[in-house]
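Numbering (the numbering used here), first residue to last: 260 to 382.
By construction, the Cβ of each residue, glycine as well, lies at the ideal position given by its N, Cα and C atoms.
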């Protein structure tokens, strides 16, 4: 019984310690900030402006706002493969191909990572 209590206490301390170490998601960008955001790569910035920005940089369109980690995290947890499939095949209000006929699967992946605020592979 004592051994079980020690094990449970250690598990609780470890869980609380890990929770304390995790960084909270940054706040969602304001509407003005969202409109100003663009990928650093010029080609991706052009694709984003032409195909993604109209929905993902304007609040209340139903699309997750660019760099809004709180909105993107549940989607991100589905995996990049699922998000890529949703971009290519369409999903809900997301049109097939995301209105980007020029986008390759690599472009979609880079744009998804940018919009989700996950440009850094460590995030």
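Given a length threshold of 4 residues, each whole run of the alpha helix (DSSP H) inside the segment 337-375 is given here in chain order: 339-348 and 364-374.
Residue 341 is positioned such that its CB atom lies no closer than 7 Å to that of residue 374.
By the Cβ rule, the segment 289-307 does not count as touching the segment 333-352, because fewer than three pairs are nearer than 8 Å. When DSSP states are grouped into helix, strand and coil, residue 300 belongs to the coil group. Per DSSP, the continuous alpha helix (DSSP H) segment holding residue 291 begins and ends at 290-295.
Burial state of residue 366 is buried, judged by a 10 Å Cβ sphere holding 16 or more other Cβ atoms.
Listed in chain order, the non-local C-beta contacts of residue 327 below 7 Å within the same chain comprise 287 and 288, local neighbours out to five positions each way being set aside. Residue environment: residue 318 is assigned as exposed (fewer than 16 neighbouring CB atoms within 10 Å of its CB, all protein chains considered).
Taken atom to atom, the span from the alpha-carbon of residue 359 to that of residue 352 is near 15 Å. Residue 305 sits exposed, since fewer than 16 C-beta atoms from the chains shown fall within 10 Å of its C-beta.
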